[in-house]
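Reviewing the structure listed below.
Number of protein chains: 2
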Amino acid sequence: MMQTESAQAALPYDRVYNFSAGPVMLPTEVLEEARDELLNFRGTGMSVMEMSHRGKDYEAIHNETVDNLRKLMNVPDDWAVLFLQGGASLQNALVPMNLKQEGKIPNYIDTGYWGNKSIGDAKKLGPVHIAWTSEPTNFDSVPDDDEPQFTDSPAYVYYTSNETIGGVDYLRDAKFNTDALVVCDASSNILSRPMDLSRYDVIFAGAQKNQGIAGVATVIVSPRALEIAAKQDLPLMFSWTKAHKENSIHNTCPCWAIYMCGLYYKWLLKNGGVDWIYPINERKAKRVYDVIDASEGFYKPHMKEKNRSRMNISFQLPNEELTDKFLAEAKPLKMSTLKGHRSVGGVRASMYNAFPESGSELLASFMVDFAKRNG
Amino acid sequence: MMQTESAQAALPYDRVYNFSAGPVMLPTEVLEEARDELLNFRGTGMSVMEMSHRGKDYEAIHNETVDNLRKLMNVPDDWAVLFLQGGASLQNALVPMNLKQEGKIPNYIDTGYWGNKSIGDAKKLGPVHIAWTSEPTNFDSVPDDDEPQFTDSPAYVYYTSNETIGGVDYLRDAKFNTDALVVCDASSNILSRPMDLSRYDVIFAGAQKNQGIAGVATVIVSPRALEIAAKQDLPLMFSWTKAHKENSIHNTCPCWAIYMCGLYYKWLLKNGGVDWIYPINERKAKRVYDVIDASEGFYKPHMKEKNRSRMNISFQLPNEELTDKFLAEAKPLKMSTLKGHRSVGGVRASMYNAFPESGSELLASFMVDFAKRNG
Numbered sequence: 070m071m072q073t074e075s076a077q078a079a080l081p082y083d084r085v086y087n088f089s090a091g092p093v094m095l096p097t098e099v100l101e102e103a104r105d106e107l108l109n110f111r112g113t114g115m116s117v118m119e120m121s122h123r124g125k126d127y128e129a130i131h132n133e134t135v136d137n138l139r140k141l142m143n144v145p146d147d148w149a150v151l152f153l154q155g156g157a158s159l160q161n162a163l164v165p166m167n168l169k170q171e172g173k174i175p176n177y178i179d180t181g182y183w184g185n186k187s188i189g190d191a192k193k194l195g196p197v198h199i200a201w202t203s204e205p206t207n208f209d210s211v212p213d214d215d216e217p218q219f220t221d222s223p224a225y226v227y228y229t230s231n232e233t234i235g236g237v238d239y240l241r242d243a244k245f246n247t248d249a250l251v252v253c254d255a256s257s258n259i260l261s262r263p264m265d266l267s268r269y270d271v272i273f274a275g276a277q278k279n280q281g282i283a284g285v286a287t288v289i290v291s292p293r294a295l296e297i298a299a300k301q302d303l304p305l306m307f308s309w310t311k312a313h314k315e316n317s318i319h320n321t322c323p324c325w326a327i328y329m330c331g332l333y334y335k336w337l338l339k340n341g342g343v344d345w346i347y348p349i350n351e352r353k354a355k356r357v358y359d360v361i362d363a364s365e366g367f368y369k370p371h372m373k374e375k376n377r378s379r380m381n382i383s384f385q386l387p388n389e390e391l392t393d394k395f396l397a398e399a400k401p402l403k404m405s406t407l408k409g410h411r412s413v414g415g416v417r418a419s420m421y422n423a424f425p426e427s428g429s430e431l432l433a434s435f436m437v438d439f440a441k442r443n444g
Numbered sequence: 070m071m072q073t074e075s076a077q078a079a080l081p082y083d084r085v086y087n088f089s090a091g092p093v094m095l096p097t098e099v100l101e102e103a104r105d106e107l108l109n110f111r112g113t114g115m116s117v118m119e120m121s122h123r124g125k126d127y128e129a130i131h132n133e134t135v136d137n138l139r140k141l142m143n144v145p146d147d148w149a150v151l152f153l154q155g156g157a158s159l160q161n162a163l164v165p166m167n168l169k170q171e172g173k174i175p176n177y178i179d180t181g182y183w184g185n186k187s188i189g190d191a192k193k194l195g196p197v198h199i200a201w202t203s204e205p206t207n208f209d210s211v212p213d214d215d216e217p218q219f220t221d222s223p224a225y226v227y228y229t230s231n232e233t234i235g236g237v238d239y240l241r242d243a244k245f246n247t248d249a250l251v252v253c254d255a256s257s258n259i260l261s262r263p264m265d266l267s268r269y270d271v272i273f274a275g276a277q278k279n280q281g282i283a284g285v286a287t288v289i290v291s292p293r294a295l296e297i298a299a300k301q302d303l304p305l306m307f308s309w310t311k312a313h314k315e316n317s318i319h320n321t322c323p324c325w326a327i328y329m330c331g332l333y334y335k336w337l338l339k340n341g342g343v344d345w346i347y348p349i350n351e352r353k354a355k356r357v358y359d360v361i362d363a364s365e366g367f368y369k370p371h372m373k374e375k376n377r378s379r380m381n382i383s384f385q386l387p388n389e390e391l392t393d394k395f396l397a398e399a400k401p402l403k404m405s406t407l408k409g410h411r412s413v414g415g416v417r418a419s420m421y422n423a424f425p426e427s428g429s430e431l432l433a434s435f436m437v438d439f440a441k442r443n444g
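Protein chains in written order, with the numbering used here: chain A, 70 to 444; chain B, 70 to 444.
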């Protein structure tokens, strides 16, 4: 267990490897920075939590954070970058409201739990067309680009780029056979790999997986989507247009959550941005999938190989007793929150941007050892 | 300036007296606690910011926080206590949506900036009746209980218990001449004085003034209001019913903001709750109003005396030059964010629950001295 010991030694403050699907591990140095300036932010005499959201000290933090997300994702100047409350879940309702177009029907691709939730909310607001679903095969896959069947002139085409519960991922910027607006819930893989923004019109994501903490969601909107949103007459907090006009300070914004995103973005940028983290994420996931594939069926993944998520590795053990034993033995090795989602069971190892590579080494070596002893 | 020096000495970490209208000062010991457990919360090996919102560690924090707000406000068991994202501003839209009743019109009382905003959002969702307004007298007052003129059978009666910009406050639990549901935006005075919940059906409040930080709002709902809300068919994040059913963990909740409320509530409870803080708030405000009243017109308050806010003290100096001088001299004395809201000008001193009494002493003595030198 040499490898195991060294991996454990790498975690300061007696911290654990937290495989949670969200909220999740943050870089230790980001937490240290937040701690060190918590009572007095850089000589201002106050915590970021205490600052007026309209004061110049907070505004500097806010603007730098927005700019850094633009940099990290190469967002063109004429696109909106919003930081909104309510998580990705609120966007499930705000997408159909902001992109409403007379006589046009939203088209959804259904790949699991989150796709389903989005469809549920959209249906409360109007008719919806399901352009593709993997329900018949228990949500084990995502479509190829040419598979979804769209209506004529959809209001927009909607998909979930990574399903955290099932653990399926497009692993690409989909290019569907449509000229319609493309809306993507990228909550669980935003910033984990390079994205070609020309393939999207709206990309939204809760921050608590790959870019910060719970309590804020980022919403990136193309000029042609903004044009449609501008035609709606919505209450303040439903309106992308109003948020965009006031740079997301249209009400008291979640200053601390935005500040934490800001520290996270600086950590990413300092190290080389998405181009730096992408191969690390690939390695972390491959290490665990390799053990699964070499286990001769001891570990059974849920998903089709070509759609395996890099962020959420979901698999079954031969039976529930072994699953419980696996989880019980992992805990004293400082591996936490490995239990699968209640709807699928088994084990789920989520490893987002800030999850340390040493944690994936520890998990992989433990899995090999566990299979040897119990296979 | 003896008093001034001792007041300054009272602030550790070189912190300032922050008179912001929101977000605002937090108790130093609350910030210290947050800092000390930021990298490893009580042996869990993770920050509260990193915890799964469905794990038992976070759930214990969450449940304790909800329970403590119930204790602090004597909320009966059959009422809902929700912690929601989107601030009070989102509730401006959710109130009319959750309390919609066929053929019944919402009745609003208009006492300034926030009342106005609420009315604006409600009007986007249906017809609205204005039952009373202080617009003709530049929002200098609130109505007596018998002044508003309601429609027959209103959907609900809505008022803002304290206007942060104007600085008017009911200073009482209004008892209007109606049996309708009563909805109150208490963002800026919740927990600052005892409240009789039998006078209300919905009390909502952004947390960043009197109970925590930006990014969460508390919404307290009576059984008869819950009954009406249960009849609506709303998207997940609009629905009080869904939030209530899952104890506000119907999506990834803003865990850190709720945790900060939890620390704040424990600080209040430890010291004696609302009965403890209420006379302190009265003293802090009286100290400054006494200087205003004794200044022979040098300091001119905006509001009618009987409606003067204890939370937001808004006043004018004889001219803009003196206002600028006042603000410039206050700053090196460690008094920050005293500038009046752009819509009314002058000076605004906001002193919520966690604003230290020593800060009101410092401000009062500075005001006396400043008037002497410039009057």
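Just so you know, even glycine gets a beta-carbon here, dropped at the ideal spot from N, CA and C.
Quick caveat: nothing in here was measured; it's all calculated off a predicted structure.
### Message
Tell me the DSSP secondary structure of L419(B) in three-state form.
### Response
By 1-based counting over the second sequence, the position of residue 419(B) is 350. Correcting the residue type first, residue 419(B) is Ser in the shown sequence and not Leu. Residue state, collapsed to three classes: strand.
### Query
What does H122(B) touch in chain A if you count any residue whose Cβ is under 7 Å from its own?
Position 53 of the second sequence holds residue 122(B). Within chain A, the residues whose beta carbon sits less than 7 Å from that of H122(B) are P92, A283, listed in sequence order.
### Task
Give the range of the alpha helix (DSSP H) segment to which S116(A) is assigned.
In the first sequence, the residue the question calls residue 116(A) occupies position 47. Here S116(A) belongs to no alpha helix (DSSP H), and DSSP marks it neither H nor E.
### Task
Could you work out which residues of chain A lie near G415(B), taking near to mean beta carbons separated by less than 9 Å?
As a position in the second sequence, residue 415(B) is number 346, starting the count at 1. Those within 9 Å of G415(B) in chain A number zero; the least Cβ separation is about 17 Å.
### Query
From the beta carbon of K193(A), is the nearest beta carbon of chain B less than 8 Å away?
By one-based count along the first sequence, residue 193(A) stands at place 124. Interface residue, yes.
### Query
Relative to chain A, which residues along the region 134–162 of chain B have a C-beta separation below 7 Å, given in chain order?
Listed in sequence order: Q154, G155, G156, S158, L159, N161, A162.
### Query
If you draw a straight line from the C-alpha of M70(A) to the C-alpha of F384(A), how long is it?
In the first sequence, the residue the question calls residue 70(A) occupies position 1. In the first sequence, the residue the question calls residue 384(A) occupies position 315. Confidence at M70(A) is low in this model, with a pLDDT of 41, below 50, so the placement of that residue is unreliable and no value is reported for it.
### Query
Does the distance from the C-beta atom of L303(B) to that of M118(B) stay below 8 Å?
Start at 1 with the first residue of the second sequence, and residue 303(B) comes out as number 234. Start at 1 with the first residue of the second sequence, and residue 118(B) comes out as number 49. At the C-beta level, L303(B) and M118(B) stay beyond 8 Å of one another.
### Message
Taking a contact to mean a Cβ-Cβ separation below 8 Å, would you say Y127(B) touches I178(B) in this structure?
### Response
The count along the second sequence starts at 1 and reaches residue 127(B) at position 58. The count along the second sequence starts at 1 and reaches residue 178(B) at position 109. Their beta carbons are not under 8 Å apart, which means Y127(B) does not touch I178(B) by this criterion.
### Query
Going by the C-beta, is A440(B) closer than 7 Å to any heavy atom of the ligand COA?
No copy of the ligand COA appears in this structure; indeed no ligand is present at all.
### Message
Using the Cβ count rule (16 or more neighbours within 10 Å means buried), how would you classify T206(B)?
### Response
Taking the second sequence and counting its residues from 1, one reaches residue 206(B) at position 137. Under this definition T206(B) is an exposed residue.
### Query
For K353(B), is the classification buried or exposed, using 16 other Cβ atoms within 10 angstroms of its Cβ as the cut-off for buried?
Locating residue 353(B) in the second sequence gives position 284, counting from the first residue. Buried: at least 16 other Cβ atoms inside 10 Å.
### Message
For a test of the three-state rule: what should DSSP assign to S405(A), helix, strand or coil?
### Response
Mapped onto the first sequence, residue 405(A) falls at position 336. DSSP places S405(A) in strand when its eight states are reduced to three.
### Query
Does DSSP classify R442(B) as helix, strand or coil?
Along the second sequence, one-based indexing puts residue 442(B) at 373. Looking at R442(B) - three-state DSSP - the assignment turns out to be helix.
### Query
Closest to A363(A) by CA distance: which of D215(A), K441(A), G155(A), L396(A) is it?
Here residue 363(A) refers to the residue found at position 294 of the first sequence. For A363(A), the closest C-alpha among the options D215(A), K441(A), G155(A), L396(A) is that of K441(A).
### Message
One question on the structure: do A274(A) and A283(A) come within less than 8 Å of each other, judged by their Cβ atoms?
### Response
Sequence index remark: in the first sequence, residue 274(A) carries index 205 (1-based). Sequence index remark: in the first sequence, residue 283(A) carries index 214 (1-based). At a Cβ-Cβ threshold of 8 Å, A274(A) and A283(A) do not count as neighbours.
### Task
Could you check the C-alpha separation between N185(B) and G281(A) for me, to the nearest Å?
Looking up residue 185(B) in the second sequence gives position 116. Looking up residue 281(A) in the first sequence gives position 212. About 34 Å.
### Query
Got a sec, what are the start and stop residues for the alpha helix (DSSP H) Y347(B) sits in?
Looking up residue 347(B) in the second sequence gives position 278. Going by DSSP, Y347(B) is part of the alpha helix (DSSP H) stretching over 342–362.
### Query
Just checking my contact of A312(A) with L151(A) at CB under 8 Å: how many whole Å lie between their CB atoms?
Counted from its first residue, the first sequence places residue 312(A) at position 243. Counted from its first residue, the first sequence places residue 151(A) at position 82. About 5 Å separates the beta carbon of A312(A) from that of L151(A), a gap short enough to meet the 8 Å contact definition.
### Query
Do we get a CB-CB distance below 8 Å when we pair D179(B) with the residues of chain A?
On the second sequence, position 110 is the one that residue 179(B) refers to. Output row for D179(B): interface = no.
### Length of the line joining the Cα atoms of P96(A) and N422(A)
Here residue 96(A) is taken as the residue at index 27 of the first sequence, counted from 1. Here residue 422(A) is taken as the residue at index 353 of the first sequence, counted from 1. About 9 Å.
### Query
In chain order, what residues of the same chain have a beta carbon less than 7 Å from the beta carbon of F307(A), not counting five sequence neighbours either side?
Here residue 307(A) refers to the residue found at position 238 of the first sequence. Closer than 7 Å at the Cβ level, and outside the excluded window around F307(A), lie L163, M166.
### Task
For chain B, find out if any of its Cβ atoms is closer than 8 Å to the Cβ of G114(A); answer yes or no.
For the purposes of this step, residue 114(A) is identified with residue 45 of the first sequence, where counting begins at 1. With respect to chain B, the C-beta atom of G114(A) has a partner C-beta closer than 8 Å.
### Task
Below 8 Å CB to CB, which residues in the same chain sit around Q72(A) once its five sequence neighbours on both sides are set aside?
Counting from 1 along the first sequence, the entry for residue 72(A) is found at position 3. Because Q72(A) sits at a pLDDT of 48, beneath the cut-off of 50, its placement in the model cannot be relied upon, and the point is left open.
#### Entry: Segment contact flag, the region 198–217 of chain B with the region 256–266 of chain B, C-beta cutoff 8 Å, min 3 pairs
Segments in contact, no.
#### Entry: Residues of the region 299–325 of chain A whose Cβ lies closer than 9 Å to any Cβ of chain B, in chain order
For the region 299–325 of chain A, the set of residues with a beta-carbon nearer than 9 Å to any beta-carbon of chain B comprises D302, L303, P304, L305, M306, F307, H319, N320, T321, C322, P323, C324, W325, in chain order.
### Task
Using a Cβ cut-off of 8 Å (strictly closer), state whether Q170(A) contacts chain B.
Position 101 of the first sequence, counting from 1, holds the residue named residue 170(A). By this cut-off, Q170(A) is not an interface position.
### Message
Assuming the contact rule is C-beta atoms closer than 8 Å, T171(A) and W336(A) should be a hit. Round their C-beta distance to whole Å, please.
### Response
On the first sequence, residue 171(A) is found 102 positions in, with the first residue counted as 1. On the first sequence, residue 336(A) is found 267 positions in, with the first residue counted as 1. For the record, residue 171(A) in the displayed sequence is Glu; it is not Thr. In this structure E171(A) does not touch W336(A) by the C-beta definition: roughly 45 Å separates them, more than the 8 Å allowed.
### Message
Let me see if you follow: with CB-CB separation under 8 Å, is M118(A) close to chain B or not?
### Response
Start at 1 with the first residue of the first sequence, and residue 118(A) comes out as number 49. With 8 Å as the cut-off, M118(A) counts as an interface residue toward chain B.
### Message
Among S317(B), V251(B), W201(B), whose alpha-carbon lies nearest the alpha-carbon of S222(B)?
### Response
For the purposes of this step, residue 222(B) is taken as residue 153 along the second sequence, with counting starting at 1. Checking every option, the nearest Cα to that of S222(B) belongs to V251(B).
### Query
Per DSSP, what kind of secondary structure is T220(A) in: helix, strand or coil?
Numbered from 1 along the first sequence, position 151 holds the residue referred to as residue 220(A). Taken through DSSP and simplified to helix, strand or coil, T220(A) comes out as coil.
### Task
May I ask which residues mark the beginning and end of the alpha helix (DSSP H) holding G275(A)?
If you number the first sequence from 1, residue 275(A) lands on position 206. Run containing G275(A): none in the alpha helix (DSSP H); it sits in the beta strand (DSSP E), 271–275.
### Message
Between A397(A) and chain B, is any beta-carbon pair separated by less than 8 Å?
### Response
Taking the first sequence and counting its residues from 1, one reaches residue 397(A) at position 328. Among the CB atoms of chain B, none fall inside 8 Å of the CB of A397(A).
### Query
So, is the C-beta of S405(B) closer than 8 Å to a C-beta in chain A?
Numbered from 1 along the second sequence, position 336 holds the residue referred to as residue 405(B). Yes, S405(B) counts as interfacial toward chain A.
#### Entry: L47(A) at chain B interface by Cβ criterion, 8 Å
Residue coverage of chain A in this structure runs from 70 to 444, which leaves residue 47(A) outside it and unanswerable.
### Message
Using beta carbons (cut-off 8 Å, strictly below), is A418(A) in contact with chain B?
### Response
Numbered from 1 along the first sequence, position 349 holds the residue referred to as residue 418(A). Not closer than 8 Å to any Cβ of chain B, the Cβ of A418(A) fails to qualify, so no.
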